[in-house]
Amino acid sequence: MYVKQGEKIGIIGPSGSGKTSLFRMISGSIDCSQGVISTTEKTRMIYQIPQFHPFLTSKEILELEFSKINQKKSVNDILKSVKMIEIRNQLFTHLSGGEKQRLAILLAIVSGARIILADEPFGRLDKKNTIIVKTFLMNQVEKEGITLILATHNKKHLKEMDKIYQIKKKKLLIY
């Protein structure tokens, strides 16, 4: 699999097929037993269930991220730009599933990552929040020219992808 900067790649496969393991190899958190994975770009994972400190507000979570990357933009300006200002003072633990996912996507975007690995990002969302979160993700990726690799077991989530691969019997195949 060769991925160009700014491409949107879909990975489809049933639960347990190895999608998350592939992402861990791409991100460098586990070693690849066969083949070679090479990237010169910073990667960021978006998990199916976002995990952040439950007793920090959305604003505090973003401020922590900004302090790591020396971000000069205002947290409030960023939240306003993506229509999330209303959740800035809410504790992470009080956010809805869709709000948590939107915050996770926003963190991935502002982190400076050029490759986002989205592991079943819509898996626990209802239909309405899936549409909201997916639209938000696609718009931000497109706007920033970020490469997106999205893993799912639902074909409906792959319509906007430039290329689609399938994991079948532990092999990555063109779909």
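With the numbering used here applied, the sequence shown has no gaps in its numbers, which climb one by one up to 176 at the end. Heads up, the beta-carbon is just placed ideally off N, CA and C, and yes, glycines get one too. In this text the structure is predicted, and so the values were computed from the model without any measurement.
Burial state of residue i (16 or more Cβ within 10 Å)
| i | result |
| --- | --- |
| Lys69 | exposed |
| Phe123 | buried |
| Thr94 | exposed |
| Thr44 | buried |
| Phe56 | exposed |
| Lys156 | exposed |
| Glu100 | buried |
| Leu135 | Sequence check: residue 135 is Lys here, not Leu. It counts as buried. |
| Ile132 | exposed |
C-beta contact flag for residue i and residue j at 8 Å
| i | j | result |
| --- | --- | --- |
| Ala152 | Phe24 | yes |
| His154 | Pro15 | yes |
| Leu118 | Met46 | yes |
| Ser34 | Ile168 | no |
| Gly98 | Asn140 | no |
| Ile10 | Tyr166 | yes |
| Asp163 | Gln49 | no |
Separation of residue j from residue i, as counted between CA atoms
| i | j | result |
| --- | --- | --- |
| Ile38 | Thr21 | 15 Å |
| Ser1 | Ile175 | The first residue shown for the chain is 2 and the last is 176, placing residue 1 beyond what the model contains. |
| Val142 | Ser59 | 21 Å |
| Tyr3 | Ile62 | 34 Å |
| Gly113 | Ile147 | 9 Å |
| Arg103 | Glu66 | 15 Å |
| Ile116 | Ile86 | 25 Å |
| Ser82 | Lys172 | 40 Å |
| Leu149 | Ala109 | 11 Å |
| Leu92 | Ile79 | 18 Å |
| Gln6 | Arg125 | 28 Å |
| Ile12 | Lys160 | 12 Å |
Limits of the alpha helix (DSSP H) - the one that residue i falls within
| i | result |
| --- | --- |
| Lys60 | 59-70 |
| Lys74 | Segment: none, Lys74 is in no alpha helix (DSSP H) and carries neither H nor E. |
First and last residue of the uninterrupted beta strand (DSSP E) at residue i
| i | result |
| --- | --- |
| Ile27 | From DSSP, Ile27 is part of no beta strand (DSSP E) but of the alpha helix (DSSP H) over 20-28. |
| Glu45 | Sequence check: residue 45 is Arg here, not Glu. Unbroken beta strand (DSSP E) run through Arg45: 44-47. |
| Leu151 | 148-153 |
| Leu174 | 172-175 |
| Gly11 | 9-13 |
| Ile116 | 116-120 |
| Gln6 | Unbroken run through Gln6: none, as it is neither H nor E. |
Minimum Cβ-Cβ distance from residue i to chain B less than 8 Å
| i | result |
| --- | --- |
| Gln52 | Structure shown: chain B not included; a single protein chain is present. |
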